[in-house]
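When the letters of the sequence shown are read in order and numbered with the UniProt record's numbering, they come out as residues 1 to 435.
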Amino acid sequence: MDYKAQLVDDKGTSLLSLAYDEQKWARAAAAAKDVIQLGVYSLFVSPYKSSGTITHPATIKPPYNADYSDKPWPEGWADIDPFDSYRALFDGEVPASSNPELIFTRGQNQSSEGINVMVVHQLPRIASGWNTHGLTLKQCDAYYMNDGADVPGKGMEYGRGDGSQRVGGFVTDQDVAGGKYMPLASGVSLQFANREPRFYASVAYNGSVWHLTNESQVNNREKQVFYYRGSGNGYTNTMFWLRTGIGVMKYVNPQDTYENGSLSKVVPKYEPAIRYADILLAYAESLNELNSSYAIPSWDSSVVYTIARDVDEMRKGIRPVRIRAGLTDYSGTIYSSSTQLRTAIKRERQIELMGEQQRYYDLRRWEDAATELTLPIYGYNTLMTATQRDLFHQPVAAFALQSTFASKMYFWPIAIDELRRDARLTQNPGWQTYK
Numbered sequence: 001m002d003y004k005a006q007l008v009d010d011k012g013t014s015l016l017s018l019a020y021d022e023q024k025w026a027r028a029a030a031a032a033k034d035v036i037q038l039g040v041y042s043l044f045v046s047p048y049k050s051s052g053t054i055t056h057p058a059t060i061k062p063p064y065n066a067d068y069s070d071k072p073w074p075e076g077w078a079d080i081d082p083f084d085s086y087r088a089l090f091d092g093e094v095p096a097s098s099n100p101e102l103i104f105t106r107g108q109n110q111s112s113e114g115i116n117v118m119v120v121h122q123l124p125r126i127a128s129g130w131n132t133h134g135l136t137l138k139q140c141d142a143y144y145m146n147d148g149a150d151v152p153g154k155g156m157e158y159g160r161g162d163g164s165q166r167v168g169g170f171v172t173d174q175d176v177a178g179g180k181y182m183p184l185a186s187g188v189s190l191q192f193a194n195r196e197p198r199f200y201a202s203v204a205y206n207g208s209v210w211h212l213t214n215e216s217q218v219n220n221r222e223k224q225v226f227y228y229r230g231s232g233n234g235y236t237n238t239m240f241w242l243r244t245g246i247g248v249m250k251y252v253n254p255q256d257t258y259e260n261g262s263l264s265k266v267v268p269k270y271e272p273a274i275r276y277a278d279i280l281l282a283y284a285e286s287l288n289e290l291n292s293s294y295a296i297p298s299w300d301s302s303v304v305y306t307i308a309r310d311v312d313e314m315r316k317g318i319r320p321v322r323i324r325a326g327l328t329d330y331s332g333t334i335y336s337s338s339t340q341l342r343t344a345i346k347r348e349r350q351i352e353l354m355g356e357q358q359r360y361y362d363l364r365r366w367e368d369a370a371t372e373l374t375l376p377i378y379g380y381n382t383l384m385t386a387t388q389r390d391l392f393h394q395p396v397a398a399f400a401l402q403s404t405f406a407s408k409m410y411f412w413p414i415a416i417d418e419l420r421r422d423a424r425l426t427q428n429p430g431w432q433t434y435k
């Protein structure tokens, strides 16, 4: 039986609609448009830097594109820094009160549950971090190249590849001296070269540089971290190693370290529970699902919106998010196909909202969870040492990380105590009801 059909109350009445209603997408689009029309929120951008420091380097310009490279924000990226525009959103550099993109955040009632503690889990052992929060290879590969192409070899482990193979080779000292492959340091796999700015702001790839400027000793700062076995940050007999060999850089400020177990050395951060980029992408996604036109009143009924699948309107939701990331807008071919655009938007949300508690809900509402969450988790071969670096970068399944999904996982079980308090309350399908 379909899972939705199993969700009934004690009288057998369905708790979810069993009939598809396209107008719900129209109402969702209208709600997103309400937020857009307020004129209160905007995407945060950091200005272009012709020169910089180690922690805030000069802007790395995206590959030249006549439609974007010479135009100022929001029509292009000529006067913004795409990398810092994304990184500063999450690393505490921009206070919540000064962030025009932040719509809603949550307070912190327990010091052990905040974003700062999550950063401690991300920091490498060299910074006294727990070194335990990692990324899957699938997430790592989701990020585009800096020209908007797919990374070679993307999805090949799942039979989803385009026939291309993963890139071999490593950055050399000569490459670094010549300014090639910025911002990569020497010894880094070329699999991580020429990626989009959000990749470098989010992914702690093997050989990333951690700034750690709050370290009391100067020689403990600016550390290049490799995840090879025996490196001190790679595979160990303890729990403190990344099972996929890929770390998380998002939310990490250049100052952050956990020296002496002190959270005071981690820059305070806030949770981006709802931000404007999410609203823009939701607007485009909702419009894309429409086959008809709908008249939907605004939140205060002052106007009536005409909501339909309009390419210009969908571009308003997608284009600024991608330009801020230093990427071009999608082609007209993609916009002309609701199927292709749906796939593109799903990927955009996976990238843009990584680590913001959105993916869990997105996969369920798309009904993609049963497919995506049952695939093996791939990463790099963390048993390899530095002398086996070619083998390290050949993806393997991370069997220590099991993934599964059953239909009952769409909803968590209701606690026994709650069921006992209300005799009419019914347990979610698939979970045991105890009397």
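No residue lacks a Cβ here, since even glycine has one placed at the ideal position from N, Cα and C.
Buried versus exposed call for Phe104 [16 or more other C-beta atoms within 10 Å across all chains shown]: The residue labelled residue 104 in the question sits at position 104 within the sequence shown. Flag for Phe104 reads exposed.
Phe392 - containing alpha helix (DSSP H), residue span: For the purposes of this step, residue 392 is taken as the residue at position 392 of the sequence shown. It spans Arg389 to Phe392 - the alpha helix (DSSP H) in which Phe392 sits, taken as one unbroken run.
Quick one: grab the DSSP three-state call for Phe83. As a position in the sequence shown, residue 83 is number 83, starting the count at 1. Phe83: helix per DSSP, three-state reduction.
Ile279 vs Val117 beta-carbon contact at 8 Å: For this step, residue 279 is matched to residue 279 along the sequence shown. For this step, residue 117 is matched to residue 117 along the sequence shown. Contact flag unset, no.
Assign Arg243 to one of three DSSP states: helix, strand, or coil. In the sequence shown, counting from the first residue as 1, residue 243 sits at position 243. Correct three-state label for Arg243: coil.
Expressed to the nearest angstrom, what Euclidean distance is found between the alpha-carbon atoms of Leu38 and Arg106? Locating residue 38 in the sequence shown gives position 38, counting from the first residue. Locating residue 106 in the sequence shown gives position 106, counting from the first residue. For Leu38 and Arg106, the distance between alpha carbons rounds to 22 Å.
Where does the unbroken alpha helix (DSSP H) through Phe199 begin, and where does it stop? Looking up residue 199 in the sequence shown gives position 199. From DSSP, the alpha helix (DSSP H) with Phe199 extends over Pro197 to Ser202.
Could you tell me the distance, in whole angstroms, from the CA atom of Arg87 to the CA atom of Val45? Translated into positions along the sequence shown, residue 87 becomes position 87. Translated into positions along the sequence shown, residue 45 becomes position 45. Spanning the two alpha carbons is a distance of roughly 10 Å.
Looking only at its own chain, which residues have a Cβ that is under 8 Å from the Cβ of Gly161, when we skip the five neighbours before and after it? The residue given as residue 161 occupies position 161 in the sequence shown. Cβ neighbours of Gly161 beyond the five flanking positions: Gly153, Lys154 and Gly155.
Leaving out five residues before and five after Trp299 in sequence, what residues of the same chain have Cβ atoms less than 7 Å from its Cβ? For the purposes of this step, residue 299 is identified with residue 299 of the sequence shown, where counting begins at 1. So the qualifying residues of the chain are Asp34.
Put Pro47 into one of helix, strand or coil per three-state DSSP. Within the sequence shown, the letter at position 47 stands for residue 47. Looking at Pro47 - three-state DSSP - the assignment turns out to be strand.
Just list the residues that DSSP pairs Met145 with in beta bridges. Counted from its first residue, the sequence shown places residue 145 at position 145. The partner list for Met145 (beta bridge, DSSP) reads Arg195.
Check whether Asn131 and Trp241 have beta carbons under 8 Å apart: Residue 131 sits at position 131 when you count from the first residue of the sequence shown. Residue 241 sits at position 241 when you count from the first residue of the sequence shown. Taking 8 Å as the Cβ cut-off, Asn131 and Trp241 qualify as a contacting pair.
Can you find the residues in the same chain that come closer than 6 Å, C-beta to C-beta, to Gln350, ignoring five residues on each side of it along the sequence? On the sequence shown, position 350 is the one that residue 350 refers to. Only Ala142 meet the Cβ criterion.
What span of residues does the alpha helix (DSSP H) with Ala26 cover, start to end? Locating residue 26 in the sequence shown gives position 26, where the first residue counts as 1. Gln23 to Leu38 is the extent of the alpha helix (DSSP H) around Ala26.
So what's Arg319 in DSSP terms, helix, strand or just coil? For this step, residue 319 is matched to residue 319 along the sequence shown. Helix at Arg319.
Examine the Cβ distances between the segment 91-101 and the segment 246-265 and report whether three or more of them are shorter than 8 Å. yes
Pull up the CB-CB distance for Tyr294 and Met314, whole angstroms please, since I reckon it's below 8 Å. In the sequence shown, counting from the first residue as 1, residue 294 sits at position 294. In the sequence shown, counting from the first residue as 1, residue 314 sits at position 314. Actually they are not in contact, since the Cβ atoms of Tyr294 and Met314 sit about 15 Å apart, beyond 8 Å.
If you reduce the DSSP assignment to three classes, tell me which class Gly332 lands in. Walking along the sequence shown from the start, residue 332 turns up at place 332. Note: Gly332 maps to helix in three-state DSSP.
Short of 7 Å in beta carbon distance, which residues of its chain neighbour Ala32, apart from the five on each side in sequence? Order them along the chain. What you label residue 32 is simply residue 32 of the sequence shown in a count that begins at 1. Same-chain partners within the cutoff: Ile279, Ala282, Tyr283 and Ser286.
Between which two residues does the beta strand (DSSP E) harbouring Lys223 extend? In the sequence shown, the residue the question calls residue 223 occupies position 223. First-last of the beta strand (DSSP E) with Lys223: Lys223 to Val225.
Output yes or no for whether 8 Å exceeds the beta carbon distance between Pro63 and Asp147. Residue numbering aside, residue 63 sits at position 63 when the sequence shown is read from its first letter. Residue numbering aside, residue 147 sits at position 147 when the sequence shown is read from its first letter. For Pro63 and Asp147, yes; Cβs fall inside 8 Å.
In whole angstroms, what separates the C-alpha of Arg319 from that of Pro183? Your numbering for residue 319 matches position 319 in the sequence shown. Your numbering for residue 183 matches position 183 in the sequence shown. Going from the Cα of Arg319 to the Cα of Pro183 covers about 25 Å.
Three CB pairs or more closer than 8 Å across the segment 10-21 and the segment 49-59: no
Among Pro72, Pro95, His211 and Lys250, whose alpha-carbon lies nearest the alpha-carbon of Glu356? Reading the sequence shown from its first residue, position 356 is the one you call residue 356. Nearest option by C-alpha distance: Lys250.
Arg134 to Trp73 span [Cα, whole Å]: Taking the first residue of the sequence shown as 1, we reach residue 134 at position 134. Taking the first residue of the sequence shown as 1, we reach residue 73 at position 73. The identity of residue 134 in the sequence shown is Gly, whereas the question assumes Arg. Whole-angstrom Cα-Cα distance: 33 Å.
Using only CA atoms, which one of Glu215, Asp70, Thr213 and Thr433 lies nearest to Ala415? Counted from its first residue, the sequence shown places residue 415 at position 415. Out of Glu215, Asp70, Thr213 and Thr433, Thr433 has the C-alpha closest to the C-alpha of Ala415.
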